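Here the sequence shown is numbered in the UniProt record's numbering, starting from 1 and rising by one per residue.
Everything below concerns the one structure shown next.
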Amino acid sequence: MLRGFYPSCCDPASDSEETKPLTSFGFLGGNSSPDARKNLTGNWKMTCIHSPLGLGAPRILPRSARVSPSRSKLLHVRCTLGEIVMEPKVAAVSEPLLLQAVRGEKVERPPSYRMLCEKYSSFRERSENVDLVVEISLQPWNVFKPDGVILFSDILTPLSGMNIPFDIVKGKGPIIHSPLRTAADVDQVREFVPEESVPYVGEALTILRAEVKNEAAVLGFVGAPFTLASYCVEGGSSKHFSKIKNLAFSQPKVLHSLLKKFADSMAKYITYQADKGAQAVQIFDSWATELSPVDFEEFSLPYLKQIVDSVRVTHPDLPLILYASGSGGLLERFHLTGVDVVSLDWTVDMAEGRRRLGTDVAVQGNVDPGVLFGSKEFITGRIHDTVKKAGSHKHILNLGHGIVVGTPEENVAHFFEVAKGIRY
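As structure tokens, then:
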């Protein structure tokens, strides 16, 4: 669903832990642009993803990459652009640094994370198997010891438990077998009970939390009501969102009924993930920016706020992150949701985003992925410009979106090396 990627780059063994910026990486399998992801074969070809900025494009490991099982039988992958990557030593901390930054505590460097979108055959079988979910989620952690470990899953995972059959078809992405377009269709949507429908998610999160302890934050995620509804009404991905807008403008009560069901369910799903080990949860409203501001206020904002308010009752300290690309026209409205972190893409100046959101909300982003096609000097300048504008308070350094396929690996490596030296 989220179209984010990571590039590969080097991590010289001579660098000390004290000189490295916070990093976090994870895998997000699912239905983001089908042609943008590579297949993970039975030989476990995997991308090298230790960029500190959580960037990345899917790239198959070079033939010289070494793969050996660790004590926990999770894959231990080593790859570089010319030398072996050594695992950095990580000092124990009372709380993951990523969470400290989100809460506004003083940190010496900006944490960052992105997700690697991978396209697998039989994706649902892989994402619903506890052993595979844990194995894939922990691969970056076992090698690079980043600051965040992200659950390998998909925002559509809860749909089956809500009586909404779906599949992920190679070359097409998500397919909703029976689109929801009438009041009768919406009436068939069941209450989501995570413990019964997705127990593998809870089990995987518990294992992940035990594996990384407090050396990294374990992150979960859910889809936002409007984005989930968009897939279910459209029947899959869409360019014009004509079907859901037809429903919104001709039968708003029907859509509101569906959105309410998704809001109730996603609030439960977030608390379930938190109870099972997630230390922060990101809400993906990928398609909210297809709405005008006034329509966002009617069809997305109330339900995002409902989720946040509901979660706050039982989990007041759980950081919630809101992601929606192309969100420049909605920032002030994003603030009204009550989330802790808002992701910015590169169409918003970081300083302006800070000003519009205020100081009580953390920001994430927002370097243009296209910058990585520039010279090393150009890349360096843009990184430092973003950090300078964001300041040292509540910032997660990141790309504003997924890396573009074809980005030179040496530029990605340079991005990583520059970021390692950042200090406030």
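Positions of the beta carbon are idealized from the N, C-alpha and C atoms, including for glycine.
These figures come from a predicted structure and were not determined experimentally.
Where residue i sits in the DSSP three-state scheme
i	result
L397	strand
Y323	strand
A351	helix
P252	helix
Q188	coil
G148	strand
P174	strand
V233	helix
N366	strand
G161	helix
A224	coil
Q279	coil
L219	strand
V361	coil
I403	coil
residue 425	Absent from the structure is residue 425, since the part of the chain shown begins at 1 and ends at 424.
V107	coil
D154	coil
S137	helix
V198	coil
K38	Because the pLDDT of K38 is 35, which lies under 50, any placement of that residue in the model is unreliable, and the question is left without a value.
V371	helix
Residue i versus residue j - alpha carbon distance
i	j	result
F152	Q282	13 Å
N129	S375	43 Å
residue 497	A229	Beyond the ends of the chain as shown, which are 1 and 424, falls residue 497; an answer cannot be given.
T386	K239	31 Å
S310	S392	30 Å
E410	T347	25 Å
Q188	F284	24 Å
P34	I155	Caution is warranted here: a pLDDT of 36 is assigned to P34, below 50, making its placement in the model unreliable, and no coordinate value can be reported.
I379	G421	14 Å
V404	V371	10 Å
R312	V367	31 Å
A413	R109	19 Å
K172	G236	9 Å
V418	A210	32 Å
Own chain, CB closer than 6 Å to residue i, minus 5 neighbours either side, in chain order
i	result
K394	G104 and A362
S343	Y323, Q364 and G365
S327	T289
K261	V189
Residue environment, residue i, which counts as buried when at least 16 other CB atoms sit within 10 Å
i	result
R423	exposed
F296	buried
D317	exposed
D360	exposed
T182	exposed
V134	buried
G402	buried
K213	exposed
S178	exposed
K119	Low local confidence applies: a pLDDT of 41 at K119 is under 50, so the model's placement there is unreliable, and no value is given.
E234	buried
V169	exposed
Residues near residue i in its chain [Cβ-Cβ closer than 7 Å; skip 5 each side]
i	result
G220	L151, L205, Q273, A278 and V281
Q100	V107
Other residues of its chain near residue i: CB distance less than 8 Å, five sequence neighbours each side excluded
i	result
T314	T271
L336	L301 and K305
N333	A small fix is needed here, since residue 333 is Arg in this sequence, not Asn. Counting only Cβ-Cβ distances below 8 Å, and skipping sequence neighbours, we find P293, F296, E297 and L301.
Evaluate the contact criterion for the stretch 351–358 versus the stretch 294–302: three or more CB pairs, one atom per stretch, below 8 Å. no
Inter-stretch contact at 8 Å, needing at least 3 Cβ pairs: the stretch 189–201 / the stretch 152–161: yes
Within 8 Å, do at least three Cβ pairs link the stretch 287–294 to the stretch 255–262? no
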